[in-house]
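A.B. asks: Sequence positions in the sequence shown follow our numbering and run 1414 to 1972.
Note that CB positions come from ideal geometry on N, CA and C, so glycine has one too.
Pasting in a structure now, in structure tokens, and then I'll have a few things to ask.
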Amino acid sequence: MRLRALLDTPSLGLRLLGGEDELDRTVRGVMTTDLRDPSRYLSGGELVLTGLAWRRAPEDSERFVRILAAAGVAGLAAGEAELGSVPDDLVTACAQHRLPLFSVVEDVSFASITEHVVRQVSSERAGDLAAVVDRHRRLMTSGPTGGGPEVVLDLLGSDLDLRAWVLSPTGRQIAGSTLAGAGPELSAGTAARLAGEHLAAARSGRRGPHRVTIETGDGSGSATFSLFPIRHEGRDLRQTLLSDWLLAVEADAGDWPEERLDLLHGVTQLIAVERDRRDAARTVRRRLAQEVLELVQTGAPPAEIAARLRVAAPVLLPGLGTAPHWQIVVARVDWEDGDVPGGPVAQSLLEEMLVDPGTFGPEPSDRIAVAHTGDEAVALVPLPVPDEPGDTSAAGLHADELLSVVREPLGRGLADDGRLTVGVSASVHSAEGLRGALEEARHARRVAAARPGRVCAAGHEELASHVLLLPFVPDDVRRAFTARLLDPLRDYDRRHRAELIPTLEAFLDCDGSWTRCATRLHLHVNTLRYRVGRIEQLTGRDLSRLEDKLDFFLALRMS
């Protein structure tokens, strides 16, 4: 309950003597004391009732009030029975320490006030639990009046007077209270900062909720937020951290009793159920992307790929009358120890990153199809055909713009042992162009991987000319070139199960770094050196020379 509510009950005989600006403080309990120092019995949030027996001189008031303020009590109510009125020195001390002060008339007992406060606080906690039960019922209800993050956030606002938002790991707002008068929404900068603080705290091993005070950026000064993770338990944190939502509550949870904390943890579990449901709804789009990717990689006829795209277009762009242009984005998440698969995380990140960061709600990401293989995720992004020549509304994605908002929070989540690299292709208008677009995006990602930093991206415009020509090299030239370099290694692998081809791919992908490559392949460096030496012996090439590295690189990409 709030202090203000005490004045709405005339039978309590309370009169406000100071602290009108502090009446929105929450009362979590009540304590009667005449001790000179009651701090050992205070936990914060109490309404303290006193008969003033501790006061022997005017200077006693400041010391007593200072102790109460340091303990975080909600307010002080002083009885008039002992002295006939509340002394001015106590009024002055309470004003100095911003502690609300009430007087209690002589014919009202402290027991009556205590009973009223306890009854109100108990009823509020019962209401908290009732709100959770009601939220669960609504989540299980089908149809447009059923569940959704907004419903539980509205309950937090109406029942508990808490402003809260569900944010993605990039800081995009998934949901917020829809109640009238709920206050301004979070700015994009504030949301991104909260996401970054949450990811950094989680990677450091701190248990939630994580509390942070930041400048809101809307001119209102600073605000304190408590950040609650919405995640899958029992898995390596790195598998879910960069894809899980978080609940941001504008309040300091450090002052909350266990009952309130339990309530908010229950709320995160309910929102997690909603997240799982919406992830399941993306299955069709992910399957579409996987099918198109497999057709493109296996060299399927363009007509077959075009037919699959005609199926995908209505799902991804409902109501679109003409076939769209397409763009491909490739992302990869790598962890230094190599123990955690990066593909699923990269898939979830792409589904989030490819949404306009200013877009509200979870649904826009339902128009993006993302597949993943190994540590790599591939997004098939539809772009509406321009209405008129020169129309730039469908110009497509640009690498720098793609990461401009998300680089800071994701960098904090990757900490010092993870990397996210992204490559973006040019837009294509037919199935014939998808193979080239996929090659472009993959090579652009390799350009990004060669740069320093935890989060890097590159676009097709940064690629060398040979990369653009690779998809159009005639098949007989491809076969001859790759056979000359790779057939000796394939034959050796078949006879000896030596895995020279995977070793070569990993060595080039690690930019010739012996340590990184050995870690990725879970090999001793000496074993890796032996394999590379065998590759050089069988092919007559030298992998320390740039020209030979480039030839192997091209052969692997054209094979």
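Are L1674 and V1579 close, meaning C-beta to C-beta below 8 Å?
C.D. replies: no
A.B. asks: If we ignore side chains and look at the alpha-carbon of each, how far apart do R1698 and L1708 end up?
C.D. replies: 16 Å
A.B. asks: Mind listing, in chain order, the continuous beta strand (DSSP E) runs of no fewer than 3 residues lying wholly within the stretch 1419-1493?
C.D. replies: 1427-1431, 1442-1445, 1459-1463, 1488-1492
A.B. asks: Does P1757 come out as helix, strand or coil in the three-state DSSP assignment?
C.D. replies: Collapsing the DSSP output to three states places P1757 in a helix.
A.B. asks: List the endpoints of the continuous beta strand (DSSP E) containing G1831.
C.D. replies: 1831-1837
A.B. asks: Looking at C-alpha atoms only, which residue of S1817, L1967, A1636 is the closest neighbour of G1584?
C.D. replies: Nearest of S1817, L1967, A1636 to G1584, Cα basis: S1817.
A.B. asks: Going straight from the alpha carbon of E1875 to that of R1858, what length do you get?
C.D. replies: 10 Å
A.B. asks: Is P1513 helix, strand or coil by DSSP?
C.D. replies: coil
A.B. asks: With a Cβ-Cβ cutoff of 8 Å, do L1429 and F1515 count as a contact?
C.D. replies: yes
A.B. asks: In or out: E1765 buried (at least 16 other Cβ within 10 Å) or exposed?
C.D. replies: buried
A.B. asks: May I have the straight-line CA-CA distance separating L1599 from R1848, to the nearest angstrom?
C.D. replies: Answer to the nearest angstrom: the Cα atoms are 41 Å apart.
A.B. asks: Grouping DSSP H, G and I as helix and E and B as strand, with all else coil, what is V1938?
C.D. replies: helix
A.B. asks: Give the straight-line distance between the Cα atoms of E1563 and G1589, rounded to the nearest whole angstrom.
C.D. replies: 6 Å
A.B. asks: Consider the C-beta atom of G1846 and the heavy atoms of the ligand HEM; say whether any pair is separated by less than 7 Å.
C.D. replies: The model depicted lacks the ligand HEM and carries no ligand whatsoever.
A.B. asks: For the beta strand (DSSP E) that A1666 lies in, which residues bound it at each end?
C.D. replies: No beta strand (DSSP E) contains A1666, which DSSP labels as neither H nor E.
A.B. asks: With the cut-off set at 8 Å, would you say L1899 and I1914 are in Cβ contact?
C.D. replies: yes
A.B. asks: Buried or exposed: where does G1946 fall if 16 or more other Cβ atoms within 10 Å of its Cβ makes it buried?
C.D. replies: exposed
A.B. asks: Work out the CA separation of A1870 and I1480 for me, nearest whole Å.
C.D. replies: 55 Å
A.B. asks: What's the C-alpha gap between D1572 and E1672?
C.D. replies: Taking C-alpha positions only, D1572 is separated from E1672 by approximately 15 Å.
A.B. asks: Which residues bound the alpha helix (DSSP H) around G1872?
C.D. replies: G1872 -> not in any alpha helix (DSSP H); beta strand (DSSP E) instead, spanning 1868-1872.
A.B. asks: Go to E1821, then tell me how far its alpha helix (DSSP H) extends in each direction, as first and last residue.
C.D. replies: 1820-1827
A.B. asks: With distances taken between CB atoms, is the gap from I1684 to V1565 smaller than 8 Å?
C.D. replies: yes
A.B. asks: Measuring CB to CB, does G1488 end up less than 8 Å from L1460?
C.D. replies: yes
A.B. asks: Would H1785 be called buried (16 or more neighbouring beta carbons within 10 Å of its own) or exposed?
C.D. replies: buried
A.B. asks: With a 10 Å radius around its C-beta and 16 neighbouring C-beta atoms as the bar for buried, classify A1850 as buried or exposed.
C.D. replies: buried
A.B. asks: Using beta-carbon positions only, say whether L1823 and V1868 come within less than 8 Å of one another.
C.D. replies: By the CB criterion at 8 Å, L1823 and V1868 fall inside the cutoff.
A.B. asks: Which same chain residues end up closer than 7 Å to R1511 when comparing Cβ atoms and leaving out the 5 residues on each side of it in sequence?
C.D. replies: G1432, E1435
A.B. asks: Are the CB atoms of S1639 and A1664 within a distance shorter than 8 Å?
C.D. replies: yes
A.B. asks: Taking a contact to mean a Cβ-Cβ separation below 8 Å, would you say L1655 touches P1582 in this structure?
C.D. replies: yes
A.B. asks: Put D1520 into one of helix, strand or coil per three-state DSSP.
C.D. replies: coil
A.B. asks: Mind listing, in chain order, the continuous alpha helix (DSSP H) runs of no fewer than 4 residues lying wholly within the stretch 1683-1744?
C.D. replies: 1696-1710, 1715-1729
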